[in-house]
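Notes to accompany the following structure.
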Amino acid sequence: EEVPAFLKSMHVAVGELASPASPASGDSEPASPEHVPAVTVRKSLASRDHIISLIDGKPYKTLRRHLSTHGLTPEDYRQRYNLKPDYPMVAPTYSEHRRAMAHKIGLGARGRAAKGAPAPTVPTTAAVAPKAKRAPRRKAQPKSEAPAS
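My numbering puts the first residue of the sequence shown at 1, with every later residue one more than the last.
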């Protein structure tokens, strides 16, 4: 008799702990937590080499992976800290470096060629002669027909 009563009282106690707003308090909806930025927006964009996270105040070249570790998308991050929709998620220098590397290896050349710009020339190599075909394998003779040595 005591065990079921004890379990019911524990269930009620845990339920009250899980929901901090009691129904008798009149607040039907708990207030959303206010997120205070670690640094100002101006300071977060002060350097061209990195963006300082408003979550923890640490510098990052790109915020996407950092945000995902905190369970946020760029849109959620912008909304949480009331940022403009064009707030960058990548440091300008890093973006320029990636752009230069992509241009150097020829990425996007097909799109430029379609617009009328000359496509970058790719050096052609001399045609390599095809390899000679291998001779077909000989079938193994059964042991009974194999010559005796």
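Where is the CB? At the ideal position from N, CA and C, for every residue including glycine.
Every value quoted in this text rests on a predicted model; they were computed, and no experiment measured them.
Take the alpha-carbon of residue 46 and the one of residue 92: they are about 11 Å apart.
DSSP, reduced to helix, strand and coil, places residue 59 within a strand of the structure shown.
Counted as a single uninterrupted DSSP element, the stretch harbouring residue 90 is not any alpha helix (DSSP H), since DSSP gives it neither H nor E. Taking C-beta atoms under 8 Å as the contact rule, residue 56 and residue 38 qualify, at a distance of about 6 Å. Closest option to residue 69, judged by alpha-carbon separation, among 53, 84 and 82: 53. Take the alpha-carbon of residue 63 and the one of residue 103: they are about 23 Å apart.
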